Amino acid sequence: MLYLRAFSGLYHRCRKALVGNRRIQSFLAIVVFVFVATLLLPEQHRDDSEEQVALSDEITSEPTESWRFPGPPTFEKLWRWEQDLPQHDLQLPFPEGKTGRYVKFSNQARRLGWNNCFNEILMNSHLAYMSKRAYVFQTYHWAANHYPWPPSQRLAEQPQTPLNALFSGPAVGSPWDEGDDAPRAVSESWFEIVCPEQERRIINTTDVKPWIGAAEGSKIFADWQELLLNAPERCIEVVPAPYEVDNFPQVFDLWLFGSSRILSLWPEFSKSPTSRLLETSPIVESAVSRNKYLFLPRHKPSQPAPRDPYQRMLAMHIRRGDYSKSCEALASFGSTFYSWNLLPDLPDAFIPLREDHPDRIAKAMEHCSPSFDAILKKVRDARSDYLLALNGRHQTLDVLYILTNEHDEWLDELLDAFKKDHWGTIVTSHELELDAEQIEVSMAVDMDIARRAAVFIGNGWSSFTSNIVHRRLVDGKLPISIRFY
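In our numbering, the protein residues as written are 1304 to 1788.
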């Protein structure tokens, strides 16, 4: 990590030189956030011009020995279903068919953790909708080190998963609201048919992004919307700048998602059809349903309680091991929460201490990589605060679900401590029973359980947590039900 130390020294010298200029200091902090994100990921993500870089933190299940035959799923039926979507018809009237208007974002991030891709997919879909164009959805390309199956079992050198395995909604071809004449999203294979190369207008991000700069999210959105809405061309493809020109050539990039500038998009985005009509995929739904029995209470409650176990559940995201290195680096540079985790109505906001404060790193680590005792306290506080906020309504929290990549004695000791705190039912993500298709989308399974839980505790630096926050708030969950360490 010599390059990290060297950069740290340069960073602190720049900070001293910029004393008094808060705006430039804030910009420098974002530069550092992105730099650290780049350094902490495998080399392949920095060398391949098609692969973009961002922090990744979701938990993917690994198949047990009994699951390793015949191996990963083919999703053959789902691929065919996507190909046969009813909007894939040249004869449909405007705004679909051969006269329709389309936009493909070929600059979308690839080969990253799912949640770094997911938030961008949703925002691009929203932009296409507001620009009166059909969004072109693409397959999910896995980061090599995230795919659940080892290289010897993979069906392709670069594993891919159909988006409709991960989630459902208008962003992946489902209908919009009844009476809404917006064009439906189409697959990238259909885009090749309905928009042959000679009929496309190519927009390189280098022609747009430098003129927008580090603007508010709402300004970035409005400028791109105006461009796509007013362009006379029927077919538009947005392509990325060369990697050496822009490491993050997305329309909505890590510079934006990693700062409070994203928050200006929340009021419109949270109420948009893209958010409201976002649904759980059938594959994920089947995984949640088959494991619901694990969460059923195993004792009689002391007072009336809901029959639905999710209404009695506190779900918590505990990422350990590899995540601590990311936390240490981000803490040293004063980074704060990610994306929707920054929403001001949520409790547990985190503001980094000033650079010269002796406890700056230690304080950030308490939130990003909490200790054993801190986790216990947060669960106790979240439970009591939520029950108090219900103002006397009958409610019980006695089901605990732990989303974690931890396996060792530390987890066993934590479970024992929770039992002493009178959690009647305790389940970890390792206990879920999943078939091959469900294993491949297990991160979405965990997210959906956390979405349904009465209370959720997440990591504020996490894109996984941020996307759960989005779903919970759109579902109408109370802000007090969303907590951070």
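Cβ coordinates follow ideal geometry from the N, Cα and C atoms, glycine included.
Source: prediction; values computed, not measured.
Across the structure, P1465 and C1671 are spaced so that their CA atoms are roughly 32 Å apart. Each of L1776, I1506, A1459, I1496 was checked against the Cα of K1401, and the nearest Cα belongs to I1496. For the region 1457-1518, the full-length alpha helix (DSSP H) segments reaching 4 residues or more read 1466-1469, 1491-1497, 1512-1515 along the chain. The C-beta of K1380 has fewer than 16 other C-beta atoms within 10 Å across all chains shown, which makes the residue exposed. Between V1554 and T1509, the C-beta gap is not smaller than 8 Å, which leaves the two residues out of contact. Relative to V1511, the option among P1552, S1492, S1521 whose CA is nearest is P1552. In the structure shown, R1414 adopts coil according to DSSP, grouped into three states.
Excluding its 5 nearest sequence neighbours in each direction, G1520 has C-beta neighbours in its own chain below 8 Å: F1555, L1559, R1564, I1565, L1566, S1567, L1568, listed in chain order.
If you ignore the 5 residues before and after P1647, its C-beta comes within less than 8 Å of the C-beta of L1566, all in its own chain and listed in chain order.
Inter-residue distance for D1526 and L1532 is about 10 Å (C-alpha atoms, whole angstroms).
The criterion of a C-beta distance shorter than 8 Å is satisfied by G1472 and L1581. Fully enclosed alpha helix (DSSP H) runs of no fewer than 4 residues occupy 1569-1574, 1576-1579, 1585-1593 of the region 1558-1622, in order along the chain. Listed in chain order, the non-local C-beta contacts of N1770 below 7 Å within the same chain comprise N1418, F1421, N1422, M1750, local neighbours out to five positions each way being set aside.
Under DSSP, the beta-bridge partners assigned to G1761 are F1787. The DSSP assignment places 1405-1408, 1437-1440 as complete runs of the beta strand (DSSP E) inside the region 1384-1453, in order along the chain (cut-off: 3 residues). Shortest Cα-Cα distance from L1781 to any of V1758, Y1788, F1787, S1766 involves V1758.
Comparing alpha-carbon positions, the option among E1571, S1573, M1433, Y1596 lying closest to V1730 turns out to be Y1596.
DSSP places I1654 in the coil class of the three-state scheme, outside both helix and strand.
If you check the CB distance, S1642 and L1469 do not come in under 8 Å.
It is roughly 8 Å from the alpha-carbon of R1413 to the alpha-carbon of A1446. Apart from sequence neighbours up to five positions away, the residues of its chain that approach E1716 with a beta-carbon distance below 8 Å are F1675, ordered along the chain.
In this chain, the alpha helix (DSSP H) harbouring V1748 covers 1745-1755.
L1737 is the residue among F1494, L1737, F1524, V1489 whose C-alpha sits nearest the C-alpha of A1590. S1592 counts as exposed, since fewer than 16 other beta carbons sit within 10 angstroms of its beta carbon. Here the alpha carbons of T1377 and Q1463 stand approximately 10 Å from one another. The continuous beta strand (DSSP E) containing E1540 extends over residues 1538-1542. Our two residues, P1535 and S1766, have alpha carbons roughly 36 Å apart in a direct line.
The three-state reading of DSSP puts Y1546 in coil, since its state is none of H, G, I, E or B.
Here Y1450 has P1462 as same chain residues with Cβ atoms under 6 Å from its own Cβ, once five neighbours each way along the sequence are excluded.
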